[in-house]
Structure formats: structure tokens, C-alpha cells
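Participant: Residue numbers (my numbering): 10 to 162.
Dropping a structure here in C-alpha cells format, bear with me for questions.
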Amino acid sequence: MGLAQAKGKSQLGDNFFEEIGGYACLERVHNLLYEKLYGHPWLKGFFVRSKLDIVKSQQNDFWAALMGGPSRYGGRSPRDAHVHMFLPTEVFTIRHELLGEALVEAGVPEDLREIWLDMDSNFENAVVNKSPDECHGRYRSEEVIIVPRPDGG
């Protein structure tokens with residue numbers, strides 16, 4: 010899905026945002042998800058330079074617009090927002106699984122969880138890298154974030 014869709018044009022119609030429960034649901038899900046991400050032995054390393062409240066707020070606004078809700082998101086596209094991080098497929102997979110857990114814990118109905126997870130999967134190609142050589146800082150002085158697996162794998 011392109012950035013135009015992230016700016017309020019949902020392929021699901023304008024009611025998916027309401028169907029999931031609006032901002033209240035997004036906040037529940039992202040609170041749970043980022044608790045899991047910030048506590049994960051590997052994935053927490055990708056957030057060392059991030060402020061949790063800002064990350065959650067941006068995610069709430071990004072997903073609200075993507076789902077047909079208010080168009081408040083003014084940040085970068087997923088590709089541009091993550092270009093400074095080496096994110097192999099395994100990182101995306103773990104994060105996606107944690108999102109699934111958060112959706113269940115937040116009480117999102119199964120049919121809506123499936124749609125949400127499918128939407129999330131569409132961003133894999135935008136953020137996953139095969140090599141750190143594909144990454145660069147978002148600005149001149151920013152270093153690429155490479156977080157080795159804690160188990161060395």
C-alpha cells in the first residue's frame with residue numbers, strides 16, 4: 010500500500026476504522042504491541058533512539074488514516090521511516106507475530122484481526138532488508154542501526 014493510502018484512503022472503505030473501535034482500539038493494540046517490542050530481547054534494540062510515546066502516537070495516526078479514519082499522520086512513508094535500520098525478514102516476522110498477540114489481547118474480533126494482519130504484511134517489502142548495505146541514515150549524521158540477535162544466530 011502506498012503513502013496515499015496512509016493519508017486516509019482505505020481500500021477497505023471508510024468504516025474499517027470504526028469497525029475496529031477507532032482510536033481507542035488503536036491505542037489498546039499499540040500499547041500492548043510496544044510493551045512487547047520494548048521488552049523483546051532482540052527487537053528492543055531497534056528502539057534505543059526512539060521515544061515510546063512518539064512512536065505509539067505516530068503508529069496510531071498512521072493506522073487510523075490507513076483504515077479510513079482521520080488523516081492526521083504527517084510522518085515519513087514506512088520505507089523512509091525505517092531506512093536507517095537493518096531489518097531482516099526474521100525481525101519483521103517476530104514483530105508481526107507480536108502484533109497478532111496484541112490484537113488478541115486487545116479483544117479485536119478474529120475477522121478484523123485477519124484483515125489488520127494482512128494489511129500489516131503488505132509493508133514487509135517496504136521495511137525488510139537483505140543486507141545492511143541497503144540501509145542509510147535518514148540524515149547525514151545518522152548511523153545505521155544494526156542489532157545483532159542476542160543468541161548470535
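Backbone N, C-alpha and C fix where the C-beta goes; we use that ideal spot for every residue, glycine too.
Just so it is clear, the structure is predicted and the values come from calculations on it, not from any experiment.
Just reading off the alpha helix (DSSP H) that Ala90 is part of, what are its end residues?
Facilitator: Its alpha helix (DSSP H) spans residues Pro87 to His91.
Participant: Looking only at its chain, what residues have a beta carbon closer than 7 angstroms to the beta carbon of Glu28, apart from the 5 residues adjacent to it on each side?
Facilitator: Leu121
Participant: Measuring alpha carbon to alpha carbon, tell me which of Asn24, Gly30, Phe26 and Phe25 ends up nearest Ala115.
Facilitator: Gly30
Participant: Quick one: using the 10 Å Cβ neighbour count with 16 as the cut-off for buried, is His91 buried or exposed?
Facilitator: buried
Participant: If we ignore side chains and look at the alpha-carbon of each, how far apart do Asn79 and Leu112 end up?
Facilitator: It is worth fixing the name first, because residue 79 is Pro in this sequence and not Asn. About 21 angstroms.
Participant: Can you pull the DSSP bridge partners for Met76?
Facilitator: None, per the DSSP bridge assignment.
Participant: At the level of alpha carbons, what is the spacing between Ala73 and Asn131?
Facilitator: When rounded, the distance between both Cα atoms is 16 angstroms.
Participant: Who are the Cβ neighbours of Lys18 in its own chain at under 6 angstroms, not counting the five residues just before and after it?
Facilitator: With a pLDDT of 44 at Lys18, under the threshold of 50, the modelled position of this residue cannot be trusted; read the value that follows with caution. Around Lys18: no qualifying Cβ.
Participant: Assign Val117 to one of two classes, buried (16 or more other C-beta atoms within 10 Å of its C-beta) or exposed (fewer than that).
Facilitator: buried
Participant: Here's the rule I'm using: 16 or more other beta-carbon atoms within 10 Å means buried, otherwise exposed. How should Tyr43 be labelled?
Facilitator: buried
Participant: Apart from the five residues on each side of it in sequence, which residues of its chain come closer than 7 angstroms, Cβ to Cβ, to Leu155?
Facilitator: According to the sequence provided, residue 155 is Ile. The question's Leu does not apply to it. Excluding positions up to five away in sequence, the list reads Phe95 and Pro141.
Participant: Roughly how many whole angstroms lie between the Cα atoms of Leu12 and Val38?
Facilitator: Note on Leu12: pLDDT 39, under 50, position unreliable in the model; the coordinate value appears next. Whole-angstrom Cα-Cα distance: 22 angstroms.
Participant: When the Cα of Leu108 is compared with those of Ala135, Thr98, Leu41 and Gly54, which residue comes out closest?
Facilitator: Leu41
Participant: Thinking C-alpha only, which one of Leu75, Arg88 and Lys60 is nearest Ile124?
Facilitator: Nearest C-alpha to Ile124: Leu75.
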